[in-house]
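Enquirer: Residue numbers (UniProt numbering): 1 to 281.
Sharing a structure below in structure tokens format, with a few things to ask.
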Amino acid sequence: MATFQTSVGDPGRQAEECQQKRTERETVDVVNKINFPLTQGELGAVVIVFSVFAMALSIIYLTMPTVDYQVLKLPHNVDEVRLLTEYVSGYAKDYTLQVVLGYFVTYMFMQTFMIPGTIFMSLLAGSLFGVTKGLILVIVTATSGASSCFFLSKLVGRPIAHWLWPEKLSFFSSEVARRKKSLLNYMLFLRITPTLPNTFINVASPIVDVPYRTFFLATLFGLIPAAFVTVRAGLALNDLHSITDLYDAKTLGTLFLIGVVSILPTWAEKVRARPSREHAA
């Protein structure tokens with residue numbers, strides 16, 4: 001009897017071993033599904049770009065006087081913007097070039113690598129440089145940062161976009177495909193209104209074959225209304241309690257109205273073309 005049990009084995013132990021193997025296979029499957037989608041070559045390209053930005057920021061900071069790095073950090077709320085403004089305003093007068101370059105590279109870095117918080121950087125520009133200079137600085141840096149993200153995404157972004165936004169990317173691709181003749185108006189509408197996040201637009205545009213010229217023009221002009229609202233608010237930081245105070249119903253309605261105006265030429269062209277098609281039929 002003992003020999004028979006040894007050859008056959010303990011049924012309970014066999015069931016336990018089968019369950020353990022099944023669990024191991026499921027664990028491997030989960031790991032494979034959540035594995036970051038970049039190849040070694042693509043990851044290397046990201047590291048190189050990251051290193052270039054880090055080196056540029058290091059050089060700028062080395063030319064500045066001794067700073068308090070507990071204060072000199074990326075702002076994540078209005079209170080931190082207010083504190084940073086008080087700290088940097090003195091440097092902005094004596095080290096204007098370094099402050100502007102530091103702002104420019106930091107903003108570009110944040111947009112290139114999809115780091116949230118650029119809206120607080122726009123507030124900072126308004127509080128430090130005023131509306132006119134601040135708006136110009138924000139538009140130039142935002143367009144440059146978006147362009148940097150565009151080209152990095154063109155190089156390595158396809159797997160990341162499919163990994164993060166599979167459904168949204170499919171929707172965006174179909175919309176771009178059917179609006180080829182009026183793509184600039186459509187991209188302007190997206191930039192002016194909060195229909196799609198700007199980060200998604202930056203990453204997804206090269207993947208769905210939006211030409212860079214169209215992307216650039218839509219970014220350069222489409223970001224002006226929202227940037228103006230944010231930069232102007234930077235002059236009255238003490239009146240802000242949170243970022244939600246910036247975009248009330250009136251402001252959002254105005255942005256959507258401007259966005260609708262941007263696509264009116266396309267709509268008017270379709271209306272004019274309709275009688276011609278009916279007459280031809």
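Built from N, CA and C at the ideal position, the CB exists for glycine as well.
My guess is that VAL47 and GLY126 are in contact by the Cβ rule of under 8 angstroms, so how many angstroms apart are they, rounded?
Expert: Contact flag wrong, Cβ pair sits at about 34 angstroms.
Enquirer: Which of the three DSSP states, helix, strand or coil, is assigned to ARG179?
Expert: Looking at ARG179 - three-state DSSP - the assignment turns out to be coil, as it is neither helix nor strand.
Enquirer: In whole angstroms, give me the CA-to-CA distance for ASP79 and ARG179.
Expert: Looking at the two C-alpha atoms, the distance is approximately 42 angstroms.
Enquirer: Taking 8 angstroms as the cut-off, decide whether the C-beta atoms of PHE189 and GLY259 are in contact.
Expert: For PHE189 and GLY259, yes; Cβs fall inside 8 angstroms.
Enquirer: Rounded to whole angstroms, what's the CA-CA distance from VAL261 to VAL100? Just pull it up for me.
Expert: Looking at the two C-alpha atoms, the distance is approximately 34 angstroms.
Enquirer: Quick one: using the 10 Å Cβ neighbour count with 16 as the cut-off for buried, is LEU128 buried or exposed?
Expert: With 16 or more Cβ atoms within 10 Å of its Cβ, LEU128 is classed as buried.
Enquirer: Please state if the CB of ILE60 and the CB of GLN111 are separated by a distance shorter than 8 angstroms.
Expert: It is not a contact, given that the beta carbons lie outside the stated cut-off.
Enquirer: Report the rounded CA-to-CA distance for ALA197 versus LEU169, giving the unit in angstroms.
Expert: In the sequence under discussion, the amino acid at residue 197 is Pro, which differs from the Ala named in the question. Answer to the nearest angstrom: the Cα atoms are 12 angstroms apart.
Enquirer: With distances taken Cα to Cα, identify the nearest neighbour of LEU184 among GLY41, VAL229, GLY222, ASP239.
Expert: That would be GLY222, whose Cα lies nearest to the Cα of LEU184.
Enquirer: Could you give the DSSP three-state label for ASN77: helix, strand or coil?
Expert: ASN77 falls in the coil class under three-state DSSP.
Enquirer: Could you compute how far the alpha carbon of GLY145 sits from the alpha carbon of TYR107?
Expert: Cα to Cα, GLY145 sits roughly 7 angstroms from TYR107.
Enquirer: Quick one: residues in its chain with C-beta nearer than 7 angstroms to the C-beta of ASP245, no 5 flanking neighbours on either side, listed in chain order?
Expert: For ASP245, where only same-chain residues beyond five positions count, there are no Cβ hits under 7 angstroms.
Enquirer: State yes or no: is the C-beta of GLY253 within less than 8 angstroms of the C-beta of GLY134?
Expert: Not closer than 8 angstroms, so no.
Enquirer: My guess is that LEU220 and THR118 are in contact by the Cβ rule of under 8 angstroms, so how many angstroms apart are they, rounded?
Expert: Going by Cβ atoms, the distance from LEU220 to THR118 rounds to 16 angstroms, so no, they are not a contact pair.
Enquirer: Check VAL261 in the structure and name its three-state DSSP category.
Expert: DSSP places VAL261 in helix when its eight states are reduced to three.
Enquirer: Does ILE115 pass the burial test, meaning 16 or more other C-beta atoms within 10 Å, or should it be called exposed?
Expert: Per the 10 Å Cβ criterion, exposed.
Enquirer: Rounded to the nearest angstrom, how far is the Cβ of ALA226 from that of LEU255, given a contact under 8 angstroms?
Expert: About 6 angstroms; that satisfies the 8 angstroms criterion.
Enquirer: Quick check on TYR95: does DSSP put it in helix, strand or coil?
Expert: Residue state, collapsed to three classes: coil.
Enquirer: Please report whether the beta-carbon of PHE104 lies at a distance below 8 angstroms from any beta-carbon of chain C.
Expert: No chain C is present in this structure, which holds just one protein chain.
Enquirer: Alpha carbons only, please: which of THR66, MET55, LEU84, TYR91 is nearest the one belonging to SER122?
Expert: Per the Cα distances, LEU84.
Enquirer: How many Å lie between TYR103 and PRO211 at the Cα?
Expert: So the alpha carbons of these two residues sit roughly 28 angstroms apart.
Enquirer: Measuring only the C-alpha atoms, how far is ASP68 from VAL88?
Expert: Their Cα atoms are separated by approximately 10 angstroms.
Enquirer: For TYR247, does the three-state DSSP call read helix, strand or coil?
Expert: Coil.
Enquirer: For THR23, which residues of its own chain have a beta-carbon under 7 angstroms away from its beta-carbon, when the five flanking residues on both sides are left out?
Expert: The predicted model places THR23 with a pLDDT of 46, which falls under 50 and marks its position as unreliable, so this point remains unresolved.
Enquirer: Which of helix, strand or coil does DSSP assign to PRO211?
Expert: Of the three classes helix, strand and coil, the one that applies to PRO211 here is coil, per DSSP.
Enquirer: When the distance is taken between beta carbons, is MET55 closer than 8 angstroms to TYR91?
Expert: No. Outside cutoff.
Enquirer: Under DSSP, the alpha helix (DSSP H) around MET124 begins and ends at which residues?
Expert: Here residue 124 turns out to be Leu, not Met, going by the sequence shown. Element bounds for LEU124: 118-164.
Enquirer: Just to confirm my understanding: we take GLY130, look at its own chain, exclude 5 residues before and 5 after, and list those with CB closer than 8 angstroms. What are they?
Expert: So the list reads LEU235, once near-sequence residues are dropped.
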